[in-house]
Amino acid sequence: MDRLTAMEVFVRIVETGSFSAVARDLGMTQPTVSKQLTALERQLKTRLLNRSTRQLSLTEAGSAYYESSKRIIDTVREAEGNLGQLQTQLTGVLRINTSIGLGQVYVGPMVLKFQAQHPGLSIDLSYSDRFVDLVEEGIDVAIRIGKLNDSSLAARRIGSAARSVIATPAYLKKYGEPNVPQDLSSGHNCLLYAYLSTGNEWTFQGPDREIRVKVSGNFRSNNGEAIRQWVFADL
1450 MDRLTAMEVF
1460 VRIVETGSFS
1470 AVARDLGMTQ
1480 PTVSKQLTAL
1490 ERQLKTRLLN
1500 RSTRQLSLTE
1510 AGSAYYESSK
1520 RIIDTVREAE
1530 GNLGQLQTQL
1540 TGVLRINTSI
1550 GLGQVYVGPM
1560 VLKFQAQHPG
1570 LSIDLSYSDR
1580 FVDLVEEGID
1590 VAIRIGKLND
1600 SSLAARRIGS
1610 AARSVIATPA
1620 YLKKYGEPNV
1630 PQDLSSGHNC
1640 LLYAYLSTGN
1650 EWTFQGPDRE
1660 IRVKVSGNFR
1670 SNNGEAIRQW
1680 VFADL
């Protein structure tokens, strides 16, 4: 016997005064309603209702049990209602971590619109180019470009991005213009990103296969914005 269901059946019987009405409202058969009440009384080892062919009346124990059961049922309904509101209205704190460049250009402006749509939500946005431990650092969502190393995490692709090799005219004048990716392996001062999963090996997509080139340079950073500034400094 489901105690909570039996309590609800009992409360509804008291309030409607009819087994058939309760059966109709709860989607049960009338014999099932009767069995629920009988099982509840057996469990409590006391009679809750006096039954006759014409009417139902509460016993003294039934009256006390009705008041307690009514409070419990009302509390459960309130809890379910509150949960329903939480499911439709976002509240609380959403902790987001994203890489610096991606956050400044895209994520920062986007969370402004997102929070405006969900005013009950507080946003805690942090920037970092390193890989973060979501559980250890209490982060709800991490936004990164690249492959997911930890397959135990749930991930969803929200966009795509391609890496490009760029240089200023002053750099090309100093080091020369490469004709093929392999030219970058010598005679060029490449800017290195510390968190690149392939290390100092850059991968290019050729017409029929990937081309991997080992590069080197005397500037290295774990911050994409710093590398962008170095590019415009003609390094």
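Numbering (the working numbering), first residue to last: 1450 to 1684.
Every residue gets a Cβ at the ideal spot worked out from N, C-alpha and C, and that includes glycine.
Remember, predicted model here, so these are calculated numbers, not experimental data.
I1572 by DSSP, collapsed to three states: which one?
strand
Excluding sequence positions up to five away, which residues of its chain have a Cβ less than 8 angstroms from the Cβ of I1660?
P1630, Q1631, T1652, F1653, Q1654
Under the three-state reduction of DSSP, which class applies to F1653: helix, strand or coil?
strand
Evaluate contact between the region 1458–1470 and the region 1516–1524, counting only Cβ atoms and requiring at least three cross-stretch pairs below 8 angstroms.
yes
Please identify the residue among Y1576, W1679, Y1642 whose C-alpha is closest to the C-alpha of A1619.
W1679
Count the other CB atoms, across all protein chains shown, that sit within 10 Å of the CB of S1665; report buried if there are 16 or more and exposed otherwise.
Burial call: exposed.
Are the Cβ atoms of L1532 and D1589 separated by less than 8 angstroms?
no
Are the CB atoms of Q1479 and A1488 within a distance shorter than 8 angstroms?
no
Look up V1629 in the DSSP assignment and say whether it is helix, strand or coil.
coil
Name the two residues that bound the continuous alpha helix (DSSP H) containing A1470.
Looking at the DSSP string, the run of the alpha helix (DSSP H) that includes A1470 is 1468–1475.
Alpha carbon to alpha carbon, what distance is there between L1561 and L1410?
Since the displayed the chain opens at 1450 and closes at 1684, residue 1410 lies outside it and no answer follows.
If you compare alpha carbons, which of T1617, K1494, L1453, T1547 is closest to F1681?
T1617
Within 10 angstroms of its Cβ, does M1456 collect 16 or more other Cβ (buried), or is it exposed?
It counts as buried.
Name, in chain order, the residues that DSSP records as bridge partners for F1668.
F1668 pairs with L1640.
Between Q1566, L1551, A1604, which lies nearest to T1540 when the distance is taken from Cα to Cα?
Q1566
Does the contact criterion of 3 or more C-beta pairs under 8 angstroms hold for the region 1608–1615 versus the region 1563–1581?
no
Would DSSP call R1661 helix, strand or coil?
strand
Between L1645 and R1669, how many whole angstroms is the CB-CB distance? I'm expecting something under 8 angstroms.
Rounded, the Cβ-Cβ distance is 10 angstroms, inconsistent with contact.
Starting from the Cα of A1643, find the closest Cα among N1628, R1658, A1675 and give me that residue.
A1675
Per DSSP, what kind of secondary structure is S1512 in: helix, strand or coil?
helix
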